[in-house]
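Heads up: the sequence shown begins at 768 in this note's numbering, then just goes up one per residue. For each residue, glycine too, the CB sits at the ideal point set by N, CA and C.
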Amino acid sequence: MKPHYTLNRFFLTLALIAGCIICRAQKPLESLAANNVNAGIGIGGNLFSNTQSATQTFAHMEVPKGSGISSFFTAALWITATDGNNNLKCAAQRYCGTGHDFFDGPIMGNYNAAYDTFFRRVFKITRLQVEHHATLAPNTMTIGDVDSAILFWPAKGNSYIATSYGVNIDNRLAPFIDADGDGSYNPLKGDRPAICGNEAIFFVFNDARAAHGETGGAALGIEVRGLAEVFVDSSFGGFNAPPPAKRAINNTVFVRYEIENKSENPLFNLNVGMFADIDLGCFANDYVGCDTTRELIFAYNATPADNDCNGLLGYKTLDASTGIKRLNGSYSSFNYLINGGTYNNDPITPEEYNNYLNALWLDGIPFTVGGNGRPGSIPTKYIYPGNPSNFNDWTEKSAQIQAGDRRMMGASQLGNMPTGNIKVLEYAFITSMDSSADNLTIVDTLKKDADEIQAFYDNNLLPCRQGFQLPTAITETKQDKSLAFSVYPNPASSLLMVETSGMIELAEVRDMLGRMVLSQKANTGKLLLDVSLLAKGVYLLKIESAGKTAVKRIVVE
């Protein structure tokens, strides 16, 4: 549990020396610092956490860069699900004071010294490195021509990692551009990392290697592959230009998670939450809230002047607000936690984590409208959804809650997860700053920035992702060998024939945002689908038969 701030710096330093804080000390950490943020991405499953310094344990999310002011203390995933017998499984992290639920590296059959040597790190790459590699002639370059970050990119089939580290990567891992189309990563043949940002960091962890020390929960058997990216927007004068200059992109970190069920059994009632300990400058001056129309959870300062406190720099009169926006889906609930609270304190047991993920307080009582969210008569899934500038809205400000050390968590209910299924969640961590606003109207600025970030994601980042043929919001299920089916012609422009030896009960076509664009029920071994009205692009076709599911990628031209 994170200590109370009156003593936290003293105890955190002692804990770090003892080697028991945030996923162990002396772990690799890289920074994304191409734009106006300095965001630390380290191993162990937590974001924005500096585990390399005995004097600064967390708060490696400096905005603006070079200011020494932080907007986040740490952030991490919370994940719960049930098995076929309704037994609860849980993997989640806050501060790792009692151990870890997430373990560095992918799920493999052999966790040995060679595995640890290679995977206890994060993998940073820049667009300049990738673009330079693309200029080299495939099959004529030598190892000496290849940047080490590209040579040892942890992608499927990288033989140079196998030779140098004794680690074979046989399955999907880091995204890459397969220049020669052979399905394996070989940089000497022109293959290179697949990124969209000016800088990117790939990281991977799993919950299956050992017993869970943070929550004590039963393992889900999941592997999480993460990609954090930042972009530089030099238009409109850049991020140092005064309002209304376009600068949201420069104050944002994009984080993409691929969560794969690598266990032998399906998972049910999957919940994924993004937990964040907000320290928006001074930790003691924070309020939180949410905007359900924007899929945005946020924090802002309670007073006009965010002064320094306990050795932490405040934003002072430069009003700031920070938020986490879900880019490819929705939040099913939002709640806040208070350091030292009662019903809204940090969770300890798997049941308490699961309660929060299901819009319940620690003791299982539902969230309710008004005041501090309990006890009321009207259940709700979203705490403080109002606009802080409007005193008639339900906010921490209007409810006159004492400001202080806040955590917040936005949950997403994702249904069932068969073996081999992949869920993809993408978030934007946005910080807005404006000296012409006040501590409440800065939230309006944040919301405008969030709209700009969503438009950038839809119009720029998603097309980039699809160009790399990465899974997006849709889940991909491994082919069930007992449910083989053929699709022809593929690509298709009008009619698509689906054929199997069994009976097709349902066929669904989803776009790469996960939206269903075509659905047809049947009871036949052959099914003709009309795709002539679909936009050109890549889709996933899923068929169901006798309780089995299989998926194929199709192209409409």
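Beta-bridge pairing of Tyr1024 - partner residues as DSSP gives them: As a working note, residue 1024 is residue 257 in the sequence shown. DSSP lists Gly993 and Leu1192 as partners of Tyr1024.
Beta-carbon separation of Phe969 and Glu996 under 7 Å? The count along the sequence shown starts at 1 and reaches residue 969 at position 202. The count along the sequence shown starts at 1 and reaches residue 996 at position 229. Against a cut-off of 7 Å, the Cβ pair of Glu996 and Phe969 comes out as no contact.
Residues bridged to Val1276 by DSSP? Against the sequence shown, residue 1276 aligns to sequence position 509. Leu1285 and Leu1308.
Are the stretch 1105–1121 and the stretch 1215–1226 in contact at 8 Å, needing three or more beta carbon pairs? no
Counting only runs that start and end within the stretch 880–936, where is the alpha helix (DSSP H) found for 4 or more residues in a row? 880–886, 894–902, 915–918 and 926–932
Can you name the start and end residues of the beta strand (DSSP E) that Phe839 belongs to? On the sequence shown, residue 839 is found 72 positions in, with the first residue counted as 1. Phe839 -> beta strand (DSSP E) spans Phe839 to Thr849.
Do you know whose CA, among Glu829, Lys891, Gly876 and Gly812, lies nearest Glu797's CA? Here residue 797 refers to the residue found at position 30 of the sequence shown. Closest by alpha carbon: Lys891.
Which one of Asn853, Trp845, Glu1025 and Pro905 has the shortest CA to CA distance from Val991? Sequence index remark: in the sequence shown, residue 991 carries index 224 (1-based). Of the candidates Asn853, Trp845, Glu1025 and Pro905, the one whose C-alpha sits nearest the C-alpha of Val991 is Glu1025.
Limits of the unbroken alpha helix (DSSP H) element including Lys1215: For the purposes of this step, residue 1215 is identified with residue 448 of the sequence shown, where counting begins at 1. Start and end: Ile1209 to Phe1223.
If you drop the 5 nearest sequence neighbours on each side, which residues of the same chain put their C-beta closer than 6 Å to that of Val913? Counting from one through the sequence shown, the residue named residue 913 turns up at place 146. Result list for Val913: Pro954, in chain order.
Distance, Asp1000 Cα to Arg1014 Cα: To locate residue 1014, count along the sequence shown from 1; it is residue 247. To locate residue 1000, count along the sequence shown from 1; it is residue 233. For Arg1014 and Asp1000, the distance between alpha carbons rounds to 7 Å.
Tell me which residue opens and which closes the alpha helix (DSSP H) that Leu1229 is part of. What you label residue 1229 is simply residue 462 of the sequence shown in a count that begins at 1. Counting along the chain, the alpha helix (DSSP H) containing Leu1229 begins and ends at Leu1229 to Gly1234.
Between the beta-carbon of Asp1044 and the beta-carbon of Phe840, is there less than 7 Å? Translated into positions along the sequence shown, residue 1044 becomes position 277. Translated into positions along the sequence shown, residue 840 becomes position 73. Cβ atoms of Asp1044 and Phe840: closer than 7 Å.
Residue(s) in a DSSP beta bridge with Arg959: What you label residue 959 is simply residue 192 of the sequence shown in a count that begins at 1. Arg959 is bridged to Ile944.
Name, in chain order, the residues that DSSP records as bridge partners for Phe1101. As a working note, residue 1101 is residue 334 in the sequence shown. DSSP lists Tyr1149 and Gly1177 as partners of Phe1101.
Please report how far the alpha carbon of Gly1108 lies from the alpha carbon of Asp1172, in whole angstroms. Mapped onto the sequence shown, residue 1108 falls at position 341. Mapped onto the sequence shown, residue 1172 falls at position 405. Cα-Cα distance, rounded: 10 Å.
Can you find the residues in the same chain that come closer than 8 Å, C-beta to C-beta, to Phe1252, ignoring five residues on each side of it along the sequence? Position 485 of the sequence shown, counted from the first residue, corresponds to residue 1252. Val1265, Glu1266, Thr1267, Ile1271, Ile1310, Ala1317 and Lys1319.
Please look up how many angstroms separate the CB atoms of His979 and Asp868, rounded, as I've assumed it's under 8 Å. Along the sequence shown, read from residue 1 onward, the residue named residue 979 stands at position 212. Along the sequence shown, read from residue 1 onward, the residue named residue 868 stands at position 101. Contact holds; Cβ gap of about 4 Å.
Output yes or no for whether 7 Å exceeds the beta carbon distance between Ala848 and Gly1040. As a position in the sequence shown, residue 848 is number 81, starting the count at 1. As a position in the sequence shown, residue 1040 is number 273, starting the count at 1. Result no, Cβ atoms of Ala848 and Gly1040 do not sit closer than 7 Å.
Among Tyr927, Gly933, Gly833 and Asn853, the one whose alpha carbon lies nearest that of Ala880: Taking the first residue of the sequence shown as 1, we reach residue 880 at position 113. Among Tyr927, Gly933, Gly833 and Asn853, the Cα nearest to that of Ala880 is on Gly933.
Taking 7 Å as the threshold (C-beta atoms), are Leu1213 and Gly1090 in contact? Within the sequence shown, the letter at position 323 stands for residue 1090. Within the sequence shown, the letter at position 446 stands for residue 1213. Closer than 7 Å, so yes.
Beta-carbon separation (whole angstroms), Val897 vs Ile808, contact threshold 8 Å: Translated into the one-based positions of the sequence shown, residue 897 becomes position 130. Translated into the one-based positions of the sequence shown, residue 808 becomes position 41. Their Cβ separation, rounded to whole angstroms, is 18 Å, which puts Val897 and Ile808 out of contact at 8 Å.
From the DSSP secondary-structure annotation, give me the bridge partner or partners of Cys1057. Your numbering for residue 1057 matches position 290 in the sequence shown. DSSP lists Ile1064 as partners of Cys1057.
For Val804, which of Asn1038, Ser951 and Thr1019 has the nearest alpha-carbon? The residue you call residue 804 lines up with position 37 of the sequence shown. Closest by alpha carbon: Thr1019.
Residue interval of the alpha helix (DSSP H) (run including Glu1119): Counted from its first residue, the sequence shown places residue 1119 at position 352. It spans Pro1117 to Leu1124 - the alpha helix (DSSP H) in which Glu1119 sits, taken as one unbroken run.
Identity of the residue in Asp1297, Pro831 and Lys956 nearest Val1322 by Cα: Residue numbering aside, residue 1322 sits at position 555 when the sequence shown is read from its first letter. The shortest C-alpha separation from Val1322 is found at Asp1297.
Which listed residue (Arg1277, Leu844 and Ile874) has its alpha carbon closest to that of Arg861: Translated into the one-based positions of the sequence shown, residue 861 becomes position 94. Among Arg1277, Leu844 and Ile874, the Cα nearest to that of Arg861 belongs to Leu844.
Under the three-state reduction of DSSP, which class applies to Asn1226: helix, strand or coil? Position 459 of the sequence shown holds residue 1226. It is helical.
Kindly indicate which residue of Leu1262, Ala1313, Val1284 and Gly1304 has the alpha-carbon position closest to the one of Thr1269. The count along the sequence shown starts at 1 and reaches residue 1269 at position 502. According to the sequence as given, residue 1269 is Gly; it is not Thr. Cα-wise, what sits closest to Gly1269 is Ala1313.
Assuming Gly851 contacts Asn1032 (C-beta within less than 8 Å), just tell me the rounded distance between them. Numbered from 1 along the sequence shown, position 84 holds the residue referred to as residue 851. Numbered from 1 along the sequence shown, position 265 holds the residue referred to as residue 1032. Indeed, because the Cβ distance is near 7 Å, the residues count as touching under 8 Å.
Phe869 by DSSP, collapsed to three states: which one? Translated into the one-based positions of the sequence shown, residue 869 becomes position 102. Correct three-state label for Phe869: coil.
Can you tell which of Asn1121, Asp1160 and Tyr1194 has the C-alpha that lies nearest to the C-alpha of Asn1036? As a position in the sequence shown, residue 1036 is number 269, starting the count at 1. With distances taken between Cα atoms, Asn1036 lies closest to Asn1121.
Here's the rule: buried if 16 or more other CB atoms are within 10 angstroms of the residue's CB, otherwise exposed. What is Thr1162? Start at 1 with the first residue of the sequence shown, and residue 1162 comes out as number 395. Buried is the call here.
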